[in-house]
Structure formats: C-alpha cells, structure tokens
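The block underneath contains the structure these notes are about, expressed in structure tokens.
And the structure:
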C-alpha cells in the first residue's frame with residue numbers, strides 16, 4: 041500500500057515536476073540562444089548603419105575640401121598669365137573657405153608657393169611622386185614635409201586645353217574630424233580608424249587605448265584573430281572590391297565586431313571596431329528580469345506551470361517588442377526618422393517581388409543647391425531643412441507608401457498600387473506644387489526647391505535597379521533643364537519600337 045502510494049506521489053508530483061524542470065531548462069536554453077542570435081543580428085545591423093553615417097560624414101568633409109580646391113583650380117586654369125598675387129589670393133580662399141590648414145600651388149617643375157606666402161621646393165617632399173596625373177585625387181602623408189603635420193591632401197590638376205600646367209594642394213589635419221567621432225552611441229566601447237588599401241592606419245578616433253590590432257598591415261593582421269579563415273577572406277575581398285563588410289575577431293580573449301566602409305573617391309576605408317562587451321551589456325539587460333522570475337518559479341512548484349506559461353508568453357512578447365524596436369532603429373535614418381537607404385531599398389524590392397504586376401511610382405528627389413544652403417545658412421539649418429522636408433513628405437502620402445532618405449540630400453518616395461494613369465499625374469503635380477511653396481525657418485523663411493525624377497513600375501523597370509536607374513535618368517533631365525521641376529522617365533526611341 042505504501043509502495044503504491046509512493047508511486048502515486050511520484051507520478052502525480054515528482055514526475056510532472058521533473059518534466060516541468062526539464063521543459064523549463066530547455067525553454068530557457070532555447071530562448072537564450074534565440075535572444076543572443078537576435079541581439080547579435082541587431083547589433084551587427086546597428087553597427088553597419090552607424091558606420092554608414094560616419095563614413096558619409098567623412099565623405100562630406102573630404103568632399104568639401106575637394107570642392108573648393110577644384111573651384112579654385114578651374115579659376116586658375118582660366119588665367120594662364122596668372123600673377124603670384126593672383127595665385128596667393130586663390131590659396132587664401134581655399135584656407136578661409138574650408139577646413140584646410142594650408143594650401144599650396146605646385147608647378148610642373150616642382151616649384152611651390154604656400155598659402156603663408158613662402159616658396160617651397162615641392163620636389164623634396166617624399167610624396168612628390170603622387171602629385172601627378174590629370175585627375176584630382178587624395179594623398180595621405182604621415183608628415184606633410186612642410187609644417188610637420190599629418191595630413192590628408194587633396195591634389196587637383198590645373199589643366200589648360202588638356203595640358204596640366206600645375207597642381208593645387210589642400211592640406212587637412214585628420215584631427216579636425218575628432219570631434220565628429222567623439223560622441224558616438226558606443227561611448228568608450230568602440231574605435232574608428234581610417235585605413236588605406238595597403239593596411240596603413242592613417243587616423244584613429246574613439247576608444248583606441250589597449251587595442252593592439254590598430255597596427256600597420258592592418259588587413260593581414262586580422263587573419264590570425266578572426267573567427268574563421270572564410271570570414272576573414274570574405275572581409276578582405278569586400279575591402280579590395282570597395283564594398284562594406286563585417287568581421288568578428290578575438291583579440292587576447294576580448295571579442296570585437298569590425299565593420300569597414302569605403303570612402304568615396306579614395307582607396308581608404310573607415311573601420312569601426314566595437315567591443316563585444318557592448319553586446320554583453322544588452323544581453324544582460326534582458327537576462328536580469330528573467331533570472332528573477334526563475335527564482336520566484338523555484339520557490340513554489342505548485343504554481344510553477346502557471347507562472348512559467350505566463351512568463352514565457354510575456355517574455356516572448358517583450359523580446360519581440362524589444363527586437364522590433366531595435367530593428368526599427370536599424371531601419372531608421374538618424375536625422376529624419378524616415379526609412380534609411382537600406383530599409384527603403386529593401387521595402388521597395390519586397391513590394392516588387394510580392395506584386396510584380398501591380399503598378400507603382402518611384403520618385404527620386406534631390407534638394408537643389410543643398411551645399412550652398414549648408415555653406416550660407418550653416419549645417420544646423422541644413423539639417424532642419426532635411427527634417428522639415430521629411431515631415432512634410434511623410435504627411436503627403438499614404439501610410440502604406442514608402443518614404444526614405446537615401447543620401448545626404450536625396451529622398452525616395454515609392455507609391456504602391458497605382459491603378460490609374462491619372463493618379464500618377466496627380467501625385468506628380470502634388471510634389472511639384474509642394475516645392476513651389478516649401479519654406480523653412482522660424483523667423484526668416486527660406487524657400488527650398490528640389491529636382492525630381494520619376495519612373496513607373498513595372499513599365500520603366502521590373503527590378504529595383506532598373507527602376508532606380510530610370511528615375512535617376514529623369515532626375516538628371518530635371519537638373520539639366522534648370523532644377524526645381526519634376527521629370528518622368530521617357531524610354532529612348534530605339535527601346536520603344
């Protein structure tokens with residue numbers, strides 16, 4: 041009788057509780073793996089998005105240096121009989137209108153004139169051999185050979201009737217970008233570095249202390265500390281091709297996530313290195329509440345099933361919500377809160393694949409003279425222009441349409457399920473009329489215009505690449521005809537026949 045009662049207790053309580061514990065352990069283990077995987081994916085995506093933001097910032101800073109230098113080179117090319125005073129005036133303009141600490145004119149015989157009114161034999165510089173060619177380009181110099189500063193140098197040829205008569209050089213100190221990188225979301229958990237194709241580290245920012253991987257021959261140095269040879273090979277191949285990539289490495293027991301992003305018009309890359317302790321801190325924020333719940337469950341086996349069921353549902357909902365929030369952040373442009381470039385393109389592609397026969401319209405908008413707005417009104421006002429434009433664009437269209445910022449001053453709008461030609465024309469007129477009235481500024485109103493190109497899916501392109509190319513061609517037509525207008529893509533006659 042006692043033996044029978046014993047087995048009744050075993051089957052009634054012990055066995056179910058044991059199964060419950062096993063199920064609980066397995067559930068926690070499964071959840072932990074999924075959570076780690078989801079967080080890893082989100083952190084990787086976030087790293088890529090932030091890297092895109094900072095690489096675009098570097099592009100802007102180097103581009104501004106190149107723009108003013110190229111402008112002065114064009115002016116000098118128009119004056120073949122230019123005097124020394126005229127040359128010095130243009131050198132002064134470069135320094136005053138950009139973040140260059142020095143500018144120089146180099147004749148084809150190596151004779152140089154500096155913006156501080158000194159003459160200098162440029163042929164003595166160790167990078168003199170790179171001051172050549174018929175195309176503008178960037179040079180990195182560990183020392184400029186003149187003032188003893190590390191420099192990013194923009195070299196722009198001065199050509200008259202196709203013949204190079206000299207070069208303009210603009211010098212920027214890499215430290216000028218330090219403030220730009222100082223306030224990243226990673227705090228002291230990340231470093232930023234500019235590295236050329238040969239693996240030379242040109243500049244470092246952020247948390248670089250104790251980071252041994254920041255050494256010359258950078259790309260090859262990662263081979264021995266990467267998680268696998270295959271991932272390193274892919275990372276290296278992406279760098280050589282000029283595309284972005286991501287790699288997980290382990291340096292002396294410390295994990296890091298490395299992302300690289302190409303810098304426009306150079307063979308340089310911005311490398312972002314994030315400590316995996318940042319990932320651990322996110323994981324820990326999830327684990328803490330769960331651990332407390334497990335302790336409570338162990339106190340009372342009698343109600344364990346109810347608690348576990350409730351907690352499992354709540355935790356899954358909470359994890360899903362957190363994952364959704366993080367995914368939304370990864371999809372969101374930091375300045376305008378619109379879809380970013382990757383999210384915009386992905387959502388348009390998804391619509392095209394799901395509804396290949398449903399008509400849609402892609403508008404590509406480019407703010408006219410945005411660089412002038414930044415130069416004359418300031419970057420803060422330029423940011424306000426982009427934010428205001430984003431708010432207005434989002435309010436103009438349906439919630440189901442796709443609106444995104446895909447570049448510095450480029451926006452994309454994709455209208456879904458367009459059933460009639462008249463609707464296409466109506467939406468086009470709406471965009472045109474909007475830019476005839478769009479003003480920004482609280483006290484002084486500034487009229488902002490944009491050039492717009494439009495293409496119809498699937499008639500003008502069945503893939504995203506084809507459709508974007510068509511809209512971009514139409515955008516070019518708008519710019520060529522004086523800006524501040526909308527143009528629809530028209531197929532060449534040989535394609536329509």
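In our numbering, the protein residues as written are 41 to 537. Positions of the beta carbon are idealized from the N, C-alpha and C atoms, including for glycine.
State the CB to CB distance for the pair residue i and residue j, rounded to an integer number of angstroms; the pair is presumed to be in contact (CB under 8 Å).
i, j, result
"residue 541", "residue 232", "It is not possible to answer for residue 541, since the shown part of the chain is limited to 41 through 537."
"residue 275", "residue 287", "4 Å"
"residue 441", "residue 407", "Contact doesn't hold; Cβ gap of about 20 Å is too wide."
"residue 168", "residue 182", "Wrong, their Cβ atoms sit about 15 Å apart, outside the cutoff."
"residue 567", "residue 526", "Residue 567 lies beyond the stretch modelled for the chain, which goes from 41 to 537, so this question has no answer here."
"residue 243", "residue 214", "4 Å"
"residue 13", "residue 405", "The structure shown does not extend to residue 13, since the chain spans only 41 to 537, so no value can be given for it."
"residue 314", "residue 289", "Between residue 289 and residue 314 the Cβ distance is about 11 Å, and since that is not below 8 Å, they are no contact."
"residue 239", "residue 258", "4 Å"
Going by DSSP, what residue range makes up the beta strand (DSSP E) through residue i?
i, result
"residue 159", "159-161"
"residue 452", "450-455"
"residue 377", "Note, residue 377: premise wrong, no beta strand (DSSP E); not H, not E."
"residue 445", "442-445"
"residue 423", "Premise fails: residue 423 lies in the alpha helix (DSSP H), 419-436, not in any beta strand (DSSP E)."
"residue 309", "308-315"
"residue 304", "Neither: residue 304 is in no beta strand (DSSP E) and is coded neither H nor E."
"residue 491", "490-497"
"residue 540", "Absent from the model: residue 540. The displayed extent of the chain is 41 to 537, so no value can be given."
Does the Cβ of residue i lie closer than 6 Å to at least one heavy atom of the ligand COA?
i, result
"residue 256", "Within the structure as shown, the ligand COA is missing, as the structure has no ligands at all."
Rounded to whole angstroms, what's the CA-CA distance from residue i to residue j? Just pull it up for me.
i, j, result
"residue 160", "residue 116", "19 Å"
"residue 217", "residue 471", "37 Å"
"residue 187", "residue 253", "29 Å"
"residue 514", "residue 425", "24 Å"
"residue 146", "residue 152", "4 Å"
"residue 478", "residue 200", "42 Å"
"residue 447", "residue 207", "31 Å"
"residue 94", "residue 165", "31 Å"
"residue 524", "residue 369", "32 Å"
"residue 88", "residue 299", "7 Å"
"residue 420", "residue 237", "34 Å"
"residue 476", "residue 142", "42 Å"
"residue 113", "residue 133", "11 Å"
"residue 498", "residue 129", "54 Å"
"residue 135", "residue 119", "20 Å"
"residue 427", "residue 383", "18 Å"
"residue 458", "residue 398", "7 Å"
"residue 439", "residue 502", "23 Å"
"residue 437", "residue 430", "11 Å"
"residue 185", "residue 222", "28 Å"
"residue 108", "residue 496", "38 Å"
"residue 172", "residue 180", "14 Å"
"residue 269", "residue 81", "21 Å"
"residue 380", "residue 62", "44 Å"
"residue 92", "residue 374", "11 Å"
"residue 189", "residue 321", "39 Å"
"residue 376", "residue 297", "27 Å"
"residue 74", "residue 273", "27 Å"
"residue 433", "residue 456", "15 Å"
"residue 156", "residue 278", "42 Å"
"residue 9", "residue 318", "Summary: the structure shown does not reach residue 9, with the chain confined to residues 41 through 537, and so no result is reported for it."
Looking only at its chain, what residues have a beta carbon closer than 8 Å to the beta carbon of residue i, apart from the 5 residues adjacent to it on each side?
i, result
"residue 304", "99, 102, 103"
"residue 537", "Reliability of the predicted coordinates at residue 537 is poor, the pLDDT of 46 falling under 50, and the value obtained from them is presented with this limitation in mind. The answer is none, since no qualifying residue turns up."
"residue 122", "116"
"residue 280", "237"
"residue 529", "493, 494, 495, 496, 500, 510, 511, 513, 514"
"residue 224", "90, 94, 230, 232, 246"
Any C-beta of chain B sitting closer than 7 Å to the C-beta of residue i?
i, result
"residue 452", "The structure shown contains no chain B; it holds only a single protein chain."
Using a Cβ-Cβ cut-off of 6 Å (strictly less than) and excluding sequence neighbours within five positions of residue i, which residues of its own chain qualify?
i, result
"residue 509", "none"
"residue 453", "403, 443"
"residue 125", "none"
"residue 1", "Outside the displayed span of the chain (41 to 537) sits residue 1, for which this structure offers no information."
"residue 154", "144, 160"
"residue 86", "370"
Between which two residues does the alpha helix (DSSP H) harbouring residue i extend?
i, result
"residue 517", "504-520"
"residue 400", "First-last for residue 400: 400-407, but that is the beta strand (DSSP E), not the alpha helix (DSSP H)."
"residue 219", "218-222"
"residue 462", "461-477"
Using a Cβ-Cβ cutoff of less than 7 Å, which residues in the same chain neighbour residue i once the five nearest sequence positions on both sides are dropped?
i, result
"residue 174", "197, 199, 204"
"residue 111", "none"
"residue 489", "408, 475, 523, 524"
"residue 507", "402, 495, 497, 500, 501"
Just to confirm the assignment: which complete alpha helix (DSSP H) runs, minimum length 4, are found wholly within the segment 128-203?
none
Hey, which unbroken runs of the beta strand (DSSP E) at 3 residues or more fall wholly within the segment 237-298?
241-246, 285-291
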